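Some notes on the structure that comes next.
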Amino acid sequence: MEDISYLCNPLVEPFVYETIRDKLERYSKETPDKEAIVFYTSEFERQSLTFGNLYRKSWACAQGLIQLGIQPGDVVALGLPNIPEWILCHFGIALAALNQSDKCTAIIFGDSAEKIDIIRHFVSGTDDNGKVLKADVSSLKYAIRIGTEDAGDFPFTFGSLLQLGERNVGIELPTIHPDDVFIIILSSGTTGPCKLISKTHFHILSVLPMTNHVMRMEKDDIVFSCQPFMWVGGYVFSLLNFGNTLVTVTSYLNNMRTARQFAKLTANVIEKENCTFAGMYGPSLLEFSDDEVKCSSFPLKCVTTAGFPLSKTYANVVGKVARRFINVYGTTELGSIFGFPVRGIEITVIDQDGKLCQRNVIGEINVRSSVRFLGYLNDQEKTIKVLDKSGWFKTNDIGYVTSDGQVVVSGRLSDVIIIGGKKMSPVHLANVLSAHPDILDVEVIAIEDKVMFQEACACLIKKPGSTVTWDDLEALIVDKSIAKKESIFFRLFVPKYHVFMDSFPRTMSGKVEKKQLKEHVLKILKLK
């Protein structure tokens with residue numbers, strides 16, 4: 001077994017078979033006055049919800065939804081940033097045994113002019129009770145707006161919903177089971193349209209018990225997260241599993257002008273709230289190595305980030321920002337792995353024929369979890385492609401298992417660049433380029449070519465003030481490889497194209513948005 005690419009970490013303790021309602025009710029009784037969530041705006045304004053208020057208002061939200069006529073199993077779409085209304089609606093939907101996303105019976109949306117204009121594209125408005133007058137989506141019956149300002153055609157607000165629930169406190173909420181689906185999470189959509197992934201109460205409450213031997217989180221820890229709640233990397237796992245206080249910012253990252261600006265806000269919030277753990281947006285982490293960004297709470301117990309491979313520059317986080325730094329590898333479908341299988345997880349690496357690889361041999365990483373992946377919602381075809389009958393999930397990531405049982409992720413299977421029939425690893429090239437002291441970030445993408453099928457393009461971000469040239473970087477590549485300009489394999493090591501950029505387009509999870517990046521590069525190179 002030690003020479004093949006199979007790893008397994010068995011469960012040590014049994015799962016807890018509970019629901020979100022069970023957890024919230026317990027915390028509301030045991031620690032009613034403890035702050036459950038603290039919210040900060042970009043202007044440093046503070047709001048909070050205690051566990052007592054969180055449970056009471058979520059219960060009122062659930063009763064209001066049922067009073068409207070929304071039935072157990074109906075779907076409610078929730079399109080909000082990290083604000084108190086998101087968490088109250090989210091748990092209200094859970095308590096009422098409803099779902100989120102898919103074919104929607106109701107939609108809850110923000111009160112910005114931009115959001116309202118989007119809704120008006122397919123909803124003509126509502127009556128005073130939130131009932132949709134006319135909609136292009138046949139299943140949509142209700143529209144609920146966050147905010148107090150008069151929006152004319154959308155008069156029914158979240159405040160109206162809470163008042164409706166509080167007036168009807170005698171309404172009995174439906175029975176909930178741990179295996180009921182209550183949230184449908186979107187994948188990050190890095191390489192295409194987002195996929196819909198169903199999660200049950202059991203799924204959500206199993207994540208930290210499976211991973212906490214790595215995280216080492218305790219119930220008294222105060223956890224900062226800058227990621228959107230609606231993304232799996234920003235979800236409120238620690239609050240639900242341990243009753244931790246969670247601290248977040250209400251402004252999405254794309255509302256902040258620079259990573260430095262966001263890092264300063266983050267440092268101020270962490271210091272004010274005495275946070276001990278933090279889930280960070282990757283690029284902003286680099287800003288903490290600068291003396292301009294100060295925080296008396298550093299080093300924290302642990303900082304995590306996720307979503308993409310990190311360059312060696314990120315190692316500067318250890319010791320200064322946190323005593324421990326974890327780059328989480330995982331999938332929305334199955335959860336986290338951390339470079340080795342967490343409890344309840346199996347890993348294999350297989351070759352293109354489906355056979356198990358020997359250790360240190362690159363292949364596709366497959367994962368099987370004790371918590372079953374239910375498949376993509378309403379997309380059986382995609383589910384069959386990634387999930388076999390034995391429960392093995394094909395990650396589309398390439399990598400290998402080391403001799404001592406570590407998983408090394410080399411890149412995406414779909415990202416391999418084929419140049420004249422030969423395969424080039426964009427990750428290898430990116431690693432070589434990112435080793436240059438004047439390079440801050442690198443992405444290597446494929447550009448279609450009529451002769452070679454594809455060619456590589458290196459997209460580079462220099463450090464401020466750098467004078468490095470492409471000739472310097474090309475010399476580095478040649479020095480670190482067997483590439484010779486006269487060789488027919490030269491383009492397997494040195495890309496045909498290169499572009500220096502100020503920044504990369506990113507998803508809210510911090511991953512590079514590959515499609516947008518490629519479109520931008522094609523325009524720069526005048527190939528489109």
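Under the UniProt record's numbering, think of the first position of the sequence shown as 1, with each following residue one higher. Note that CB positions come from ideal geometry on N, CA and C, so glycine has one too. Computed from a predicted model, the values in this text were never measured in an experiment.
Item, Value
"Proximity below 9 angstroms, CB of Leu-413 to CB of Ile-477", "no"
"Asn-52 - containing alpha helix (DSSP H), residue span", "Rather than Asn, the amino acid found at residue 52 in this sequence is Gly. Unbroken alpha helix (DSSP H) run through Gly-52: 51 to 68."
"Reduced DSSP secondary structure (H/G/I, E/B, other) of Gly-234", "helix"
"Cβ-based burial, Gly-391 [other Cβ within 10 Å; buried from 16]", "exposed"
"Contact the stretch 343 to 360 vs the stretch 216 to 225: 3+ CB pairs below 8 angstroms", "no"
"Sequence-distant residues of the same chain with beta carbon closer than 7 angstroms to Glu-25, five excluded per side", "Tyr-55"
"Which of helix, strand or coil DSSP assigns to Gln-352", "coil"
"Per-residue DSSP class, three states only, for Asn-366", "strand"
"First through last residue of the beta strand (DSSP E) which encompasses Asn-327", "322 to 328"
"Residue range of the unbroken beta strand (DSSP E) whose run includes Asn-396", "393 to 401"
"Three-state secondary structure assigned by DSSP to Gly-335", "strand"
"Of the residues Lys-462, Glu-149, Ser-369 and Pro-10, the one placed nearest Glu-333, counting alpha carbons only", "Ser-369"
"Those runs of the beta strand (DSSP E) which lie wholly inside the stretch 141 to 189 and span at least 3 residues", "142 to 145 and 181 to 186"
"The beta strand (DSSP E) enclosing Arg-21, as first and last residue numbers", "It is not in any beta strand (DSSP E) - Arg-21 instead sits in the alpha helix (DSSP H) that spans 20 to 30."
"Met-424, enclosing beta strand (DSSP E) - first and last residue", "422 to 424"
"The stretch 196 to 205 / the stretch 7 to 20 touching (three or more Cβ pairs under 8 angstroms)", "yes"
"DSSP state of Arg-46 mapped onto helix, strand, coil", "strand"
"Element boundaries [beta strand (DSSP E), containing Glu-448]", "439 to 449"
"Residue range of the unbroken beta strand (DSSP E) whose run includes Asn-459", "It is Cys, not Asn, that sits at residue 459 in the sequence shown. That run of the beta strand (DSSP E) goes 453 to 462."
"Thr-383, DSSP secondary structure in three states", "helix"
"Counterpart residues of Glu-35 in DSSP-defined beta bridges", "Thr-50"
"Beta-carbon proximity check, Leu-173 vs Ala-113, cutoff 9 angstroms", "no"
"Limits of the alpha helix (DSSP H) - the one that Ala-97 falls within", "From DSSP, Ala-97 is part of no alpha helix (DSSP H); its letter is neither H nor E."
"Residue burial classification, Cys-8 (beta-carbon count within 10 angstroms, cutoff 16)", "exposed"
"Beta-carbon separation (whole angstroms), Ile-144 vs Gly-165, contact threshold 8 angstroms", "The Cβ separation is near 12 angstroms, so there is no contact."
"Gln-47 and Pro-84 closer than 9 angstroms at C-beta", "yes"
"Distance between beta carbons of Val-512 and Glu-443, contact taken as under 8 angstroms", "5 angstroms"
"Own chain, CB closer than 7 angstroms to Val-408, minus 5 neighbours either side, in chain order", "Gly-399, Tyr-400 and Thr-402"
"Glu-91 versus Ala-267: straight-line alpha-carbon distance, rounded", "The sequence as given places Phe at residue 91; Glu does not occur at that position. So the alpha carbons of these two residues sit roughly 29 angstroms apart."
"For Lys-301, the three-state DSSP class (helix, strand or coil)", "strand"
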